[in-house]
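Novice: I have a structure I would like to understand better, so I am pasting it below and will then ask my questions one at a time.
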Amino acid sequence: MRTYVKRIVLETERLRLYVTSQAEMEEIIDRQTDDELQKAYQEMLDGYLAHPEQGEWYAIWMVTRHDGVQVGDLSFKGLNEDGSVEIGYGINDEFQGQGYATEAVAAAVNWALKRAGVLRVEAETEPDNAASQRVLAKCGFVPNGIVGEEGPRYVRR
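So the sequence shown is numbered by our numbering: it starts at 69 and just counts up by one.
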């Protein structure tokens, strides 16, 4: 049985972000050669299938340029009862350092904070990932003093 979640599309100056379908997520998982990413994508799909009424909070969001070239992806890790959502993101190596992560994260976070029940967006990055920390700072995130599995946690309200 297929689960269908409403298609959400965000447009920025250079990018188009959209929620993938179940079939698209399955294809992404099948193509993934990195075991860690494959596991993470499978967890997203599992959440998407378990919570179809909140699929956008579990789905993989594609990040493409307006010419259709995929530059990366992002996702939220569910909408928690305390009003928090966690965002994760990645930009393909050949497109890093061009501001795409900042543009995509800013658009997704602004969208999320306008949704009913969302009080804050959180993120976690490895301590030595200065580029990701700069993205979060540019998008208005501040450290919250908690260290998670991957490293310091940041929050934007």
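Just so you know, even glycine gets a beta-carbon here, dropped at the ideal spot from N, CA and C.
Runs of 4 residues minimum, wholly inside the region 75-141: which ones carry the alpha helix (DSSP H) assignment?
Specialist: Runs of the alpha helix (DSSP H) inside the region 75-141: 90-99 and 103-118.
Novice: Let me confirm a value: Q201 is counted as buried when at least 16 other C-beta atoms fall within 10 Å, else exposed. Which label applies?
Specialist: Here residue 201 corresponds to residue number 133 of the sequence shown, with the count starting at 1. It is buried - the Cβ of Q201 has at least 16 other Cβ atoms within 10 Å.
Novice: Enumerated in chain order, which unbroken segments of the beta strand (DSSP E) with a length of 3 residues or greater are wholly contained in the region 153-202?
Specialist: Runs found: 188-192.
Novice: Quick check on the burial criterion: 16 or more other C-beta atoms within 10 angstroms. Buried or exposed for K145?
Specialist: Here the question's residue 145 lines up with position 77 in the sequence shown. Buried: at least 16 other Cβ atoms inside 10 Å.
Novice: What does a CB cutoff of less than 7 Å around R82 pick up in its chain, not counting 5 residues either side in sequence?
Specialist: For the purposes of this step, residue 82 is identified with residue 14 of the sequence shown, where counting begins at 1. R133, H134 and E171.
Novice: Quick one: Cα of G151 to Cα of G185, how far?
Specialist: In the sequence shown, counting from the first residue as 1, residue 151 sits at position 83. In the sequence shown, counting from the first residue as 1, residue 185 sits at position 117. Cα-Cα distance, rounded: 5 Å.
Novice: Could you give the residue range of the beta strand (DSSP E) that holds R226?
Specialist: Residue 226 lies beyond the stretch modelled for the chain, which goes from 69 to 225, so this question has no answer here.
Novice: Would a C-beta distance cut-off of 9 Å place M130 and L113 closer than the cut-off?
Specialist: As a position in the sequence shown, residue 130 is number 62, starting the count at 1. As a position in the sequence shown, residue 113 is number 45, starting the count at 1. Against a cut-off of 9 Å, the Cβ pair of L113 and M130 comes out as no contact.
Novice: With C-beta atoms as the reference, is I76 less than 9 Å away from E124?
Specialist: Working through the sequence shown from its first residue, we reach residue 76 at position 8. Working through the sequence shown from its first residue, we reach residue 124 at position 56. Yes, they are a contact pair.
Novice: Exposed or buried, which one is R99 when buried takes at least 16 other CB atoms within 10 Å?
Specialist: Indexing the sequence shown from 1 puts residue 99 at position 31. Its Cβ having fewer than 16 others within 10 Å, R99 is exposed.
Novice: Taking all protein chains shown into account, do 16 or more other C-beta atoms lie within 10 angstroms of the C-beta of A169, making it buried, or fewer, making it exposed?
Specialist: The count along the sequence shown starts at 1 and reaches residue 169 at position 101. A169 is buried by the Cβ-count criterion.
Novice: Could you spell out the range, first to last residue, of the beta strand (DSSP E) harbouring G208?
Specialist: On the sequence shown, residue 208 is found 140 positions in, with the first residue counted as 1. No beta strand (DSSP E) holds G208; DSSP gives it neither H nor E.
Novice: How many angstroms separate the CA atom of N197 from the CA atom of L117?
Specialist: Mapped onto the sequence shown, residue 197 falls at position 129. Mapped onto the sequence shown, residue 117 falls at position 49. Rounded to whole angstroms, N197 to L117 spans 32 Å at the Cα level.
Novice: Drop a sphere of 10 angstroms on the beta-carbon of I96, count the other beta-carbons inside from all chains shown, and report buried for 16 or more, exposed for fewer.
Specialist: Working through the sequence shown from its first residue, we reach residue 96 at position 28. Buried.
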